[in-house]
Amino acid sequence: MTDILPMQATYSTDMSTDTLQQLSKIVRRWTPLEELQNTAIAEVQLIRADSATSYCSAVYEPCICFVIQGSKTVQLGDREIVYSGPSYMASAIHLPVLGRIDHASSSHPYLAVKVSVEPQDVAGLILELGDKAPPAGHDAICSEMDCGLSSAPMDARMQEALYRLLSLLDTPEDIKVLSPLARRELIYRALMGGLGSRMRRFATTDSQANRIARVIHTLKENFTQPLRIRELAAAANMSESTLYHSFREVTRMSPLQFQKKLRLHEARRLMLAEGLEAATASYRVGYESPSHFSREYSRMFGAPPRADVSQIRGAGVTQQPA
15 MTDILPMQAT
25 YSTDMSTDTL
35 QQLSKIVRRW
45 TPLEELQNTA
55 IAEVQLIRAD
65 SATSYCSAVY
75 EPCICFVIQG
85 SKTVQLGDRE
95 IVYSGPSYMA
105 SAIHLPVLGR
115 IDHASSSHPY
125 LAVKVSVEPQ
135 DVAGLILELG
145 DKAPPAGHDA
155 ICSEMDCGLS
165 SAPMDARMQE
175 ALYRLLSLLD
185 TPEDIKVLSP
195 LARRELIYRA
205 LMGGLGSRMR
215 RFATTDSQAN
225 RIARVIHTLK
235 ENFTQPLRIR
245 ELAAAANMSE
255 STLYHSFREV
265 TRMSPLQFQK
275 KLRLHEARRL
285 MLAEGLEAAT
295 ASYRVGYESP
305 SHFSREYSRM
315 FGAPPRADVS
325 QIRGAGVTQQ
335 PA
């Protein structure tokens, strides 16, 4: 049974309506198409949707995603996380998810900003802040909800910091010097805000959360290879049972399910981007049986590989907002 975790933003009295309106204008100006769009700032992508969508699959990388307006549901394993703007969501690790836009229209589109974050960015700030950094808290992986993927409302200072970053798109000559500073401020605001303790747990060496983050990195880098839980557990200095339990708390799936999703996502990308046949793509990502691959692909994406790829190409879709 799927748990549904409402993450609706709580509006505080200090939120600036003017800043939200300016953020909306900037994102709409730089998103002429309904898709995930790159910008002149390498770490920043913009998302717009003019209507509600069905679930789209994606692999979230470590990032902070800011929802300006509209709402969406993210399905992570057996949990659904519902959140709406103005809020921000932090993904501490790579996570295969399903995402669905719930509320959007041409007059009031879903608007979001994705800012990529490297783990060392967070670790560096924690080191610099010293005692002023938020405490990591207890080392339980997930006491209330998925700390691998969590959300909090955007306050006025967060909105203003995001505005400073996005406004650089209108002055490209300033991006090289000023965008690292603006992005650093955003990470700082997130670290000092409601998600700070969870961000610190994943960045703190030898915490349980950090060990799982390292396991996930290893799986991502070697997902085409056979899964060896014993080796993963030994590398993380954990027992196999502890690894399995902690991994499932963070990702809401088993290591095998996680690996399978990574393989299928990559196979889909290979067929779409490189034009590979299904059998070739399946071997490339580690499947030994094309029929086994086809069954699991259909179960995940709702159609056999060839039909799914043809449908996406026929619709002219390059990247869907997730």
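Everything in the sequence shown is counted per my numbering, starting at 15 for the first residue and increasing by one.
Built from N, CA and C at the ideal position, the CB exists for glycine as well.
Burial state of residue i (16 or more Cβ within 10 Å)
i	result
Lys86	buried
Ser164	buried
His343	No statement about residue 343 is possible, as the shown extent of the chain runs from 15 to 336 and does not include it.
Ser157	Annotation note: pLDDT 48 at Ser157 (below 50); position unreliable, no value reported.
Arg309	exposed
Val58	buried
Gly91	buried
Leu13	Absent from the structure is residue 13, since the part of the chain shown begins at 15 and ends at 336.
Glu48	buried
Val111	buried
Ser253	exposed
Arg242	exposed
Lys39	exposed
Residues bridged to residue i (per DSSP)
i	result
Tyr102	Phe80 and Ala166
Asn236	Answer is none; Asn236 lacks a bridge partner.
Arg62	Leu125
Ile115	Lys86
Ala325	Per the sequence shown, residue 325 should be read as Gln rather than Ala. Answer is none; Gln325 lacks a bridge partner.
Pro46	In DSSP, Pro46 forms no bridge with anything.
Tyr258	For Tyr258, which the question treats as bridged, DSSP gives no partner whatsoever.
Distance between residue j and residue i (C-alpha atoms, nearest Å)
i	j	result
Asp135	Ala196	13 Å
Leu209	Tyr102	10 Å
Ala106	Glu75	8 Å
Thr232	Asn224	12 Å
Pro194	Ile78	15 Å
Arg214	Pro46	36 Å
Val382	Glu280	Outside the displayed range of the chain (15 to 336) lies residue 382, so it cannot be described from this structure.
Gly316	Gln325	11 Å
Thr185	Arg62	22 Å
Leu270	Asn251	19 Å
Residue i beta carbon near the ligand ATP (any heavy atom closer than 7 Å)
i	result
Lys234	By its list of ligands, the structure shown contains no ligand whatsoever, and the ligand ATP lies outside what it can speak to.
### Stretch pair the stretch 117–125 + the stretch 71–86: three plus CB contacts closer than 8 Å
The stretch 117–125, when compared against the stretch 71–86, does touch it at the 8 Å Cβ threshold.
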